[in-house]
Structures are given as structure tokens and as C-alpha cells.
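Position 86, counted from 1, in the sequence shown is what the working numbering calls 241; the numbers after and before it change by one each time, with no gaps. Where a beta carbon is used, it is the ideal one built from N, C-alpha and C, also for glycine. Contents: one structure, followed by commentary.
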Amino acid sequence: MTTRKCPYCHTFFIPTPRGGGKRQKVCGKPSCKKALKAENNVRWRRENPDCWHNDYPRVKQWLDQHPGYLKQYRADHPEYVQKNREAQRERDRRQKLHLDIQAQIRDQLPVITKQLRYLPFLDIQDDKSPNPLEMTFLLRSFPCLDIQIQIVKSICLEQNKIIPTGG
Numbered sequence: 156m157t158t159r160k161c162p163y164c165h166t167f168f169i170p171t172p173r174g175g176g177k178r179q180k181v182c183g184k185p186s187c188k189k190a191l192k193a194e195n196n197v198r199w200r201r202e203n204p205d206c207w208h209n210d211y212p213r214v215k216q217w218l219d220q221h222p223g224y225l226k227q228y229r230a231d232h233p234e235y236v237q238k239n240r241e242a243q244r245e246r247d248r249r250q251k252l253h254l255d256i257q258a259q260i261r262d263q264l265p266v267i268t269k270q271l272r273y274l275p276f277l278d279i280q281d282d283k284s285p286n287p288l289e290m291t292f293l294l295r296s297f298p299c300l301d302i303q304i305q306i307v308k309s310i311c312l313e314q315n316k317i318i319p320t321g322g
């Protein structure tokens with residue numbers, strides 16, 4: 156038997172001899188199997204982007220043919236209902252937090268911009284090449300852009316000297 160190296164935990168393993176020896180890619184650890192499954196799912200979704208597109212009519216038709224199914228399922232599976240309720244609360248909380256942060260940034264934008272104009276290392280009047288922090292505040296003036304996404308993707312606060320480097 157030949158040994159293989161697991162791409163996730165980097166341990167050597169002997170493939171199972173029950174038919175999967177040539178195809179087995181990972182060791183038997185649940186975490187490695189889960190990682191492979193997640194990777195395969197991502198690849199499949201990337202290769203089949205429209206697989207669930209326009210799926211609602213089919214689901215609606217099935218539910219119309221099986222009236223009361225969802226109500227009965229929820230009655231039979233209270234743990235599902237509880238899990239779904241908690242997940243929805245978490246999604247609502249995240250959404251509210253996101254909107255609160257957006258509102259705070261929007262409300263503080265004139266003050267922040269005014270303060271930035273007086274920082275010695277920023278020259279917003281200069282048209283040569285604005286740094287990411289300047290671009291973030293300039294892009295904020297377009298209502299179609301999400302300021303938080305722009306901040307996360309385009310700003311390195313250490314380079315802008317807002318956060319001091321070192322201990």
C-alpha cells in the first residue's frame with residue numbers, strides 16, 4: 156500500500172482498500188472530510204452558478220400540491236424552529252448593527268472630512284494621487300456605494316498614520 160499526504164492536516168495516511176484507495180484524497184478525520192466537502196461545494200457552485208436560479212416556481216408548485224406541509228414539519232421539528240428563530244435573530248441583529256454603523260458614519264462624515272483637511276499628512280486638495288483613506292471619503296459621496304465595504308477593501312490605517320505602528 157502506498158501512503159498519501161492529507162492536503163488539510165498534512166499527515167500521512169493509507170487509503171482505504173475498499174474501493175476508494177485510488178480516489179481517496181483526505182485522511183479519515185472529520186475536519187479534513189468537512190474541509191474537502193466545503194471545497195467541493197464551492198467549486199460546484201462556481202461551475203454551476205445558475206443551479207438555483209428561478210427555483211421558486213418549482214418549490215411553490217410543490218408546496219401548493221402538499222398543503223400544510225410546512226406547518227406540520229415545524230410542529231414535528233421544534234428544534235428546527237428554535238434554531239431558525241435564533242438564526243433569524245442573529246441576522247436581524249447584524250443587519251441592525253450594519254445600518255447603525257452606516258448611519259453613524261453618514262452623520263459624522265462632514266465632521267470627519269473637516270478634521271481630515273487639517274491633518275498635516277493628508278492633502279485632500281492635492282489631485283495627484285489620493286490615498287485609500289481619502290478615496291474612501293470621496294467614494295462615500297456616491298450613494299450607490301457602501302462605505303463599510305470601501306473601508307474594509309481599500310484602507311490600511313497604518314499606512315495612513317491613523318493607527319500608530321509598533322507597541
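Tell me the residue span of the alpha helix (DSSP H) that contains R173. Locating residue 173 in the sequence shown gives position 18, where the first residue counts as 1. No alpha helix (DSSP H) contains R173, which DSSP labels as neither H nor E.
Is it right to say C182 is buried, meaning 16 or more other beta carbons lie within 10 angstroms of its own, or is it exposed?
-> Against the sequence shown, residue 182 aligns to sequence position 27. In the assembly as shown, C182 is a buried residue. Its beta-carbon has 16 or more other beta-carbons within 10 Å.
ask   = For the alpha helix (DSSP H) that W217 lies in, which residues bound it at each end?
value = In the sequence shown, the residue the question calls residue 217 occupies position 62. Bounds of the alpha helix (DSSP H) holding W217 are Y211 to Q220.
- Local Cβ density within 10 Å of C187, reported as buried at 16 or more and exposed below that: Taking the first residue of the sequence shown as position 1, residue 187 is located at position 32. Taking every protein chain shown into account, the CB of C187 has 16 or more other CB atoms within 10 angstroms, so this residue is buried.
Any contact of the region 184-204 with the region 160-174, i.e. 3+ C-beta pairs under 8 Å? The region 184-204 makes contact with the region 160-174, as at least three CB pairs between them are under 8 Å.
With which residues is R159 paired in a DSSP beta bridge?
In the sequence shown, counting from the first residue as 1, residue 159 sits at position 4. R159 is bridged by DSSP to F168.
- If you draw a straight line from the C-alpha of D247 to the C-alpha of C161, how long is it? Within the sequence shown, residue 247 is the residue found at index 92, counting from 1. Within the sequence shown, residue 161 is the residue found at index 6, counting from 1. Near 39 Å, if we compare the C-alpha coordinates of C161 and D247.
Once DSSP output is grouped into helix, strand and coil, what is the label at Q179? Residue 179 sits at position 24 when you count from the first residue of the sequence shown. Note: Q179 maps to coil in three-state DSSP.
field: Coarse secondary structure for L300, derived from DSSP in three states
entry: Mapped onto the sequence shown, residue 300 falls at position 145. With a pLDDT of only 47 at L300, under the threshold of 50, the placement of this residue in the model should not be trusted, and no figure is reported.
- Selection from Q179, N209 and L225 that minimises the alpha carbon distance to R159: Walking along the sequence shown from the start, residue 159 turns up at place 4. Minimum Cα distance to R159 is reached at Q179.
Looking at the structure shown, is C187 part of a helix, part of a strand, or coil, going by DSSP?
Reading the sequence shown from its first residue, position 32 is the one you call residue 187. Three-state result, C187: helix.
(request) Return the CA-CA distance between R213 and Q220, expressed in angstroms with no decimal places. (result) Along the sequence shown, one-based indexing puts residue 213 at 58. Along the sequence shown, one-based indexing puts residue 220 at 65. Approximately 11 Å between the Cα atoms of the pair.
| request: From the DSSP output, in three-state form, read off L231 for me. | output: Within the sequence shown, numbered from 1, the residue matching residue 231 stands at position 76. In the sequence as presented, Leu is not what sits at residue 231; that position holds Asp. Correct three-state label for D231: helix.
Helix, strand or coil, according to DSSP, for P204 in the structure here? One-based indexing of the sequence shown puts residue 204 at position 49. Reduced to three states, the DSSP call for P204 is coil.
ask   = What do you reckon, are the CB atoms on V236 and R244 nearer than 7 Å?
value = Position 81 of the sequence shown, counting from 1, holds the residue named residue 236. Position 89 of the sequence shown, counting from 1, holds the residue named residue 244. No, they are not a contact pair.
Query raised in the report: What separation, rounded to the nearest whole angstrom, lies between the Cα atoms of D262 and D231?
Result: The count along the sequence shown starts at 1 and reaches residue 262 at position 107. The count along the sequence shown starts at 1 and reaches residue 231 at position 76. When rounded, the distance between both Cα atoms is 48 Å.
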